[in-house]
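Beneath this line is the structure, given in structure tokens, with notes to follow.
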Amino acid sequence: MNRKWLAGVLAAVAAAAFGGVDWKSDPVQSGKGHRFAVADYSGHKVCIVGTDGKVEWEYPTGTVNDIWMLPNGNLLFNTGTGVQEVTPEKEVVFEYKSKGEVYACQRLPNGNTFIGECSDGNLIEVDPSGKIVKKIELLAHLPEPAAGKGKKKPKGKGGHAFMRNARKLPNGNYLVALYGGKKVVEYDPDGTVLREIPASGCPHSAVRLPNGNTLIACGDKDTKNKVMEVDPAGKVVWKLDQDELPGITLYFATGLQRLPNGNTVLTNWLGHGKARKSAHIIEVTPEKQVVWTYQDFDALVTASSIQLLDVPGDAVQGEIWH
């Protein structure tokens, strides 16, 4: 009997028994595929992938960490040191360049762009011409960093690990994943702290859901990876732990999207020596059944953010929970 065939059969049976799909059963994807836009941090590119799992479109960039498909069909994403908006014809129609590292961006309803400047420690809003029209200096109380002996002066007060993804909420507040601080913080429009949510493992992304809960993806810094949903009172009402999915390990949860049917889609960042050891993208039901995985390791190196394109809603108006 062919051992490889038998192993595949046993894996499929095990996956079915747990109510999910087996990511190792297909080299590209398992379950019903989605069309999606994805940021490949280590591959230095953004891509659009079809329901068949094949890359339809890609564009080279830097260490891209955040991505949006805008209603006009353009892609908005960070470049590692700035933000770009690119048309399907690969024309750059908006660009902002920062002095430091940038990991978060979002197009606002008024046409401006919200940007989280990580190493500078700033939350800024930029108009279509690239002019900063609002700035909140989260680290204004800190002195400028001094250079160490024989070293160059570091860029910014925040450093590489200060923040990852951030969002401006419909009420004007800001929701920021303070990666190095191991917490998600909500600031008012003036930068005053309104709420802190502890997030061990270091939070990479935080999404405010329509019910008022906050969905958080945590990394691999000092504890096991997890995704958790926290209510306004601070209670964890749903959690997906690192080793909770049969046959799948969450090494570093980065991007998130909550779907209208209650399912959660997450990107599983496979850096830090974890290449090809798990699926890039995983969709789970509220009951934690795996219904879709994407794992084309030739197409992507490390997936850091995702937006499904077969989910209706205007991303600029807050109708995509990502």
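As numbered in UniProt numbering, residues 1 to 322 make up the sequence shown, in order. All C-beta atoms, glycine included, are put in the ideal place defined by N, C-alpha and C.
Taking C-beta to C-beta, are residue 195 and residue 167 nearer than 8 Å? To locate residue 195, count along the sequence shown from 1; it is residue 195. To locate residue 167, count along the sequence shown from 1; it is residue 167. No. Outside cutoff.
Distance, Cα to Cα, residue 129 vs residue 37? Residue mapping note: residue 129 aligns to position 129 of the sequence shown, counting from 1. Residue mapping note: residue 37 aligns to position 37 of the sequence shown, counting from 1. Whole-angstrom Cα-Cα distance: 25 Å.
With DSSP run on the structure shown, which of helix, strand or coil describes residue 84? Looking up residue 84 in the sequence shown gives position 84. In this structure, DSSP gives residue 84 an extended state, which the three-state scheme calls strand.
Outcome for residue 165 when other beta-carbon atoms lying within 10 angstroms are tallied against a minimum of 16: Stepping through the sequence shown from its first residue, residue 165 is reached at position 165. Residue 165 is buried by the Cβ-count criterion.
Between the Cα of residue 106 and the Cα atoms of 190, 134, 135 and 76, which residue gives the shortest distance? Translated into the one-based positions of the sequence shown, residue 106 becomes position 106. Among 190, 134, 135 and 76, the Cα nearest to that of residue 106 belongs to 76.
Please confirm if the stretch 39-48 is in contact with the stretch 18-28, defined as three or more CB-CB distances below 8 Å between the two stretches. Too few Cβ pairs lie closer than 8 Å, so no.
Where DSSP assigns a beta bridge to residue 31, which residues make up the other side? Here residue 31 refers to the residue found at position 31 when the sequence shown is read from its first residue. Residue 31 is bridged by DSSP to 292.
Where residue 162 and residue 298 are concerned, what is the direct C-alpha to C-alpha distance, given to the nearest angstrom? The sequence position of residue 162 within the sequence shown is 162, counting from 1. The sequence position of residue 298 within the sequence shown is 298, counting from 1. For residue 162 and residue 298, the gap between their C-alpha atoms comes out near 31 Å.
Spatial distance of residue 198 from residue 118 (CA atoms): Indexing the sequence shown from 1 puts residue 198 at position 198. Indexing the sequence shown from 1 puts residue 118 at position 118. If I take the Cα positions, the gap works out to 19 Å.
On the criterion of 16 or more Cβ atoms from any shown chain inside 10 Å, does residue 258 qualify as buried, or is it exposed? Here residue 258 refers to the residue found at position 258 when the sequence shown is read from its first residue. Answer is buried; the Cβ neighbour count reaches 16.
With burial defined as no fewer than 16 other Cβ atoms inside 10 Å of the residue's Cβ, what is the status of residue 79: buried or exposed? The residue given as residue 79 occupies position 79 in the sequence shown. Residue 79 is buried by the Cβ-count criterion.
Residue 135, DSSP secondary structure in three states: As a first step, residue 135 is located in the sequence shown; it is residue number 135 there, counting from the start. In this structure, residue 135 counts as strand in the three-state DSSP scheme.
Going residue by residue through the stretch 276-322, where are the continuous beta strand (DSSP E) segments of at least 3 residues, counting only ones entirely within it? Restricted to the stretch 276-322, the beta strand (DSSP E) segments that are unbroken, complete and at least 3 residues in length are 281-284, 290-294 and 303-308, listed in chain order.
Secondary structure of residue 9, DSSP reduced to three states: Reading the sequence shown from its first residue, position 9 is the one you call residue 9. Only weak support is given to the placement of residue 9: the predicted model assigns it a pLDDT of 42, under 50, and the question is left unresolved by the model.
Excluding the 5 residues preceding and the 5 following residue 56 in the sequence, name in chain order all residues of the same chain whose CB lies nearer than 6 Å to its CB. As a first step, residue 56 must be located in the sequence shown, where it is residue number 56. Here the set comprises 48 and 50.
Length of the line joining the Cα atoms of residue 262 and residue 287: Position 262 of the sequence shown, counted from the start, is the residue given in the question as residue 262. Position 287 of the sequence shown, counted from the start, is the residue given in the question as residue 287. Their backbone Cα atoms lie some 10 Å apart in a straight line.
Let's see if you can read the secondary structure: which residues bound the beta strand (DSSP E) around residue 106? Along the sequence shown, one-based indexing puts residue 106 at 106. Counting along the chain, the beta strand (DSSP E) containing residue 106 begins and ends at 92-107.
Same chain, Cβ closer than 6 Å to residue 186, five either side skipped, listed in chain order: The residue you call residue 186 lines up with position 186 of the sequence shown. Once the five neighbours on either side are set aside, the close Cβ partners of residue 186 are 173, 175, 194 and 195.
Span separating the alpha-carbon of residue 85 from that of residue 264: Within the sequence shown, numbered from 1, the residue matching residue 85 stands at position 85. Within the sequence shown, numbered from 1, the residue matching residue 264 stands at position 264. Between the C-alpha atoms of residue 85 and residue 264 there is a straight-line separation of about 26 Å.
For residue 132, is the classification buried or exposed, using 16 other Cβ atoms within 10 angstroms of its Cβ as the cut-off for buried? Translated into the one-based positions of the sequence shown, residue 132 becomes position 132. The residue in question, residue 132, is exposed, as its Cβ has fewer than 16 Cβ neighbours within 10 Å.
Helix, strand or coil at residue 119 according to DSSP, with G and I counted as helix: Within the sequence shown, numbered from 1, the residue matching residue 119 stands at position 119. It is coil, neither helix nor strand.
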